[in-house]
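**Q** Let me begin by handing over the structure; questions about it come next.
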């Protein structure tokens, strides 16, 4: 089942107001009152909720809050200069307050993991547990990714990555071409000619948000010295052959965060959902506690949508 809402985020100083698309996937009305809430932060920058529909399998243990960052998916478009990590982190803070939730489990994938880490450092009281999937504690991961492409990439792969590094995609077609050319880098299975099964996204990647991230100081973040301030239980996940967020950075996060657990998946690259879905979702599912809610959330402004589809990955979530 699904409830959807468009949450208005008021202006903050020089940051303009916006409207953020949000929906909650859940098993039953009763689960909304009893199960913990897990917030899924998309990667990219530029991804949206429809890139992660296979995460619906986690609703067996939690109610899943999906949202689209500024300028992405079904959220309002605006000045791309406002599509920043700082603004996204503060938008998430507002969304959780609007839901009247004291705490949520925060799950971030890729760029979303970097946002999740930054959010937890800035708003620790709103995070009960943290899951960092294919993330990094600082911008240093980019230089590692660049060197791997130069070492292992084809001429065409090196060329499309130059467009990525410079944030100069002209349209959606160029973004689609990038992901098509780079598929073997993102997935161990694709690189070894094995079939993968992930649902196709319903909404396009935001090339404006993607360009903004690589043109500006979005990637100049560095949380390395603040890792020790993260006190909540933390799960760090990464593929052994991840090219863009090398396992070395997941190791750094696990070493720096006091109450953390690191899992490195063999025969897996950045797309753990494609390469090792049973192990990946199973690890997340095990990490989600079976604890009653302390306070019921405010969901009155959500509209119910009964025809939501749950992907076959529902069968792969068990540990």
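In the working numbering, the protein residues as written are 903 to 1221.
A virtual CB, placed ideally from N, CA and C, is assigned to each residue, including glycine.
Measuring CB to CB, does residue 1103 end up less than 8 Å from residue 977?
**A** Taking 8 Å as the Cβ cut-off, residue 1103 and residue 977 do not qualify as a contacting pair.
**Q** Measure the CB-CB distance between residue 940 and residue 966 and report whether it falls below 8 Å.
**A** Yes, Cβ-Cβ distance for residue 940 and residue 966 is below 8 Å.
**Q** How about the stretch 1060 to 1076 and the stretch 1088 to 1097: do they share at least three Cβ pairs that are nearer than 8 Å?
**A** No: the two stretches stay apart, fewer than three of their Cβ pairs being nearer than 8 Å.
**Q** Assign residue 1217 to one of two classes, buried (16 or more other C-beta atoms within 10 Å of its C-beta) or exposed (fewer than that).
**A** Only weak support is given to the placement of residue 1217: the predicted model assigns it a pLDDT of 30, under 50, and the value that follows is read from those uncertain coordinates. When all chains shown are included, residue 1217 counts as exposed.
**Q** By a C-beta neighbour count over all protein chains shown, 10 Å radius and 16 as the cutoff for buried, is residue 1005 buried or exposed?
**A** With 16 or more Cβ atoms within 10 Å of its Cβ, residue 1005 is classed as buried.
**Q** Would DSSP call residue 1130 helix, strand or coil?
**A** In the structure shown, residue 1130 sits in a helix (DSSP, three-state: H, G or I).
**Q** Look at the alpha carbon of residue 1231 and the alpha carbon of residue 1055, and state the distance between them as a whole number of angstroms.
**A** Here the chain has residues from 903 to 1221 only, and residue 1231 is not among them.
**Q** Going by the CB atoms, is the gap between residue 1155 and residue 1138 shorter than 8 Å?
**A** Result yes, Cβ atoms of residue 1138 and residue 1155 sit closer than 8 Å.
**Q** Considering just the uninterrupted stretch of the alpha helix (DSSP H) at residue 1111, what are its terminal residues?
**A** Note, residue 1111: alpha helix (DSSP H), 1109 to 1117.
**Q** Taking the Cβ atom as the reference point for each residue, do residue 972 and residue 989 lie within a distance shorter than 8 Å?
**A** Yes; because the gap between Cβ atoms is below 8 Å, this pair is in contact.
**Q** Which same chain residues, not among the five before or five after residue 984, have their C-beta less than 7 Å away from its C-beta?
**A** Same-chain partners within the cutoff: 917, 918 and 972.
**Q** Just to confirm, is the Cβ distance from residue 1032 to residue 1134 under 8 Å?
**A** Result yes, Cβ atoms of residue 1032 and residue 1134 sit closer than 8 Å.
**Q** Pick out the complete alpha helix (DSSP H) segments inside the stretch 1043 to 1076, 4 residues or longer, and give them in chain order.
**A** Qualifying alpha helix (DSSP H) stretches, in chain order: 1043 to 1054 and 1057 to 1068.
**Q** Look at the alpha carbon of residue 1022 and the alpha carbon of residue 1126, and state the distance between them as a whole number of angstroms.
**A** So the alpha carbons of these two residues sit roughly 13 Å apart.
**Q** Going by DSSP, what residues sit across from residue 1141 in a beta bridge?
**A** Paired residues: 1167.
**Q** Excluding the 5 residues flanking residue 1047 on each side, which residues of the same chain have their C-beta closer than 7 Å to its C-beta?
**A** For residue 1047, where only same-chain residues beyond five positions count, the Cβ hits under 7 Å are 1145 and 1146.
**Q** Could you check the C-alpha separation between residue 1158 and residue 1132 for me, to the nearest Å?
**A** For residue 1158 and residue 1132, the distance between alpha carbons rounds to 9 Å.
**Q** For residue 1163, which residues in the same chain have their Cβ closer than 6 Å to its Cβ, ignoring the five residues on either side in sequence?
**A** For residue 1163, where only same-chain residues beyond five positions count, the Cβ hits under 6 Å are 1137.
**Q** Span of the beta strand (DSSP E) holding residue 1174?
**A** Segment 1174 to 1177 is the alpha helix (DSSP H) holding residue 1174; no beta strand (DSSP E) there.
**Q** Going by DSSP, what residues sit across from residue 940 in a beta bridge?
**A** Per DSSP, 966 and 1007.
**Q** Helix or strand or just coil, what does DSSP make of residue 1223?
**A** With the chain covering 903 to 1221 only, the question about residue 1223 has no answer from this structure.
**Q** Would you call the CB atoms of residue 1020 and residue 991 closer than 8 Å?
**A** Cβ distance < 8 Å, so residue 1020 and residue 991 count as in contact.
**Q** In terms of residues, what are the limits of the alpha helix (DSSP H) holding residue 1019?
**A** Taken as a continuous stretch (DSSP letters only), the alpha helix (DSSP H) holding residue 1019 covers 1013 to 1024.
**Q** Should residue 1109 and residue 1074 be called a contact, given that it needs their Cβ atoms to be closer than 8 Å?
**A** Cβ distance < 8 Å, so residue 1109 and residue 1074 count as in contact.
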